[in-house]
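Shown next, in structure tokens, is the structure this report addresses.
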Amino acid sequence: MMISFKDCLEKKRIFRFEPAKQLVDIEIKDAENDLHSAQEELSGSGFKWATIKGYYSMFHSARALLYFRGYREKGHYCLYLALKEFFVQEKKLDPKLAEDFNNSMILREDADYRRKFSQEGAQAVIESAKIFLKATKEVLSKEKEK
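Numbers given in my numbering equal positions in the sequence shown, counted from 1, plus 410.
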């Protein structure tokens, strides 16, 4: 049985978080730093760490979006579900970006826990992270204008 967004709320894996909005810019900075670090790892053939750091760039971008809404996650999959619930369903984020986040999460888990990684996987995660960070900044900019 797959966990749902409702399950995440009920089990307090997505919850209101008072200081969230003050942390948005920090998360964006972390996303930028992790992306830069992933690119450096890739150029040095560090495909495992490039994959992991590329994913964490996406994680921090996603977390910035969730924080902007005043929520916090406990669990990567619940963060993915929150992205879909708050941003994809509201047509603020392309559904492909949410799926790229999920796919990158799987590649990160493979690299981290199963020692399964490749140059192609690392490149795909980094490319997704670049696009995701740009889209996150655009969403936040539009949301702040309201």
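Glycine residues also receive a C-beta, built at the ideal position from the N, C-alpha and C atoms. Computed from a prediction, not measured in an experiment: that's the story for all the values here.
- Message: Quick check on DSSP: helix, strand or coil for ARG518?
- Response: Numbered from 1 along the sequence shown, position 108 holds the residue referred to as residue 518. Looking at ARG518 - three-state DSSP - the assignment turns out to be helix.
- Identify the continuous beta strand (DSSP E) that holds PHE425 and give its terminal residues. Here residue 425 refers to the residue found at position 15 when the sequence shown is read from its first residue. It spans 424–426 - the beta strand (DSSP E) in which PHE425 sits, taken as one unbroken run.
- Item | Local Cβ density within 10 Å of ASP435, reported as buried at 16 or more and exposed below that | The residue given as residue 435 occupies position 25 in the sequence shown. Answer is exposed; the Cβ neighbour count stays below 16.
- Task: For ILE462, count neighbouring C-beta atoms within 10 Å of its own C-beta (all shown protein chains included) and say buried if the count is 16 or more, exposed if not.
- Result: For the purposes of this step, residue 462 is taken as residue 52 along the sequence shown, with counting starting at 1. Label assigned to ILE462: buried.
- Item | Entirely enclosed beta strand (DSSP E) segments - the region 444–531, minimum 3 residues | 481–483
- Task: Compare the beta carbon distance of TYR481 and ALA430 with 8 Å and say whether it is the shorter of the two.
- Result: Position 71 of the sequence shown, counted from the start, is the residue given in the question as residue 481. Position 20 of the sequence shown, counted from the start, is the residue given in the question as residue 430. For TYR481 and ALA430, yes; Cβs fall inside 8 Å.
- Query: How many angstroms separate the CA atom of ALA492 from the CA atom of GLY485?
  - Reply: On the sequence shown, residue 492 is found 82 positions in, with the first residue counted as 1. On the sequence shown, residue 485 is found 75 positions in, with the first residue counted as 1. Whole-angstrom Cα-Cα distance: 11 Å.
- C-beta contact flag for SER514 and SER551 at 8 Å: Here the question's residue 514 lines up with position 104 in the sequence shown. Here the question's residue 551 lines up with position 141 in the sequence shown. SER514 is not a Cβ neighbour of SER551, given a cutoff of 8 Å.
- Item | Helix, strand or coil at ILE413 [DSSP, three-state] | The residue you call residue 413 lines up with position 3 of the sequence shown. Coil.
- Between the CA atoms of LEU419 and ASN512 - distance to the nearest angstrom: As a working note, residue 512 is residue 102 in the sequence shown. As a working note, residue 419 is residue 9 in the sequence shown. Between ASN512 and LEU419, the C-alpha separation is close to 19 Å.
- Going by C-alpha distance, which of CYS488, ALA545 and LYS494 is nearest ILE413? Within the sequence shown, residue 413 is the residue found at index 3, counting from 1. Measuring from the Cα of ILE413, the nearest candidate turns out to be CYS488.
- By Cβ distance, which residues of its chain are closer than 8 Å to SER455, with the 5 residues on each side in sequence left out? On the sequence shown, residue 455 is found 45 positions in, with the first residue counted as 1. Residues GLN529 of the same chain have their beta carbon placed closer than 8 Å to that of SER455, with the five preceding and five following residues left out of the count.
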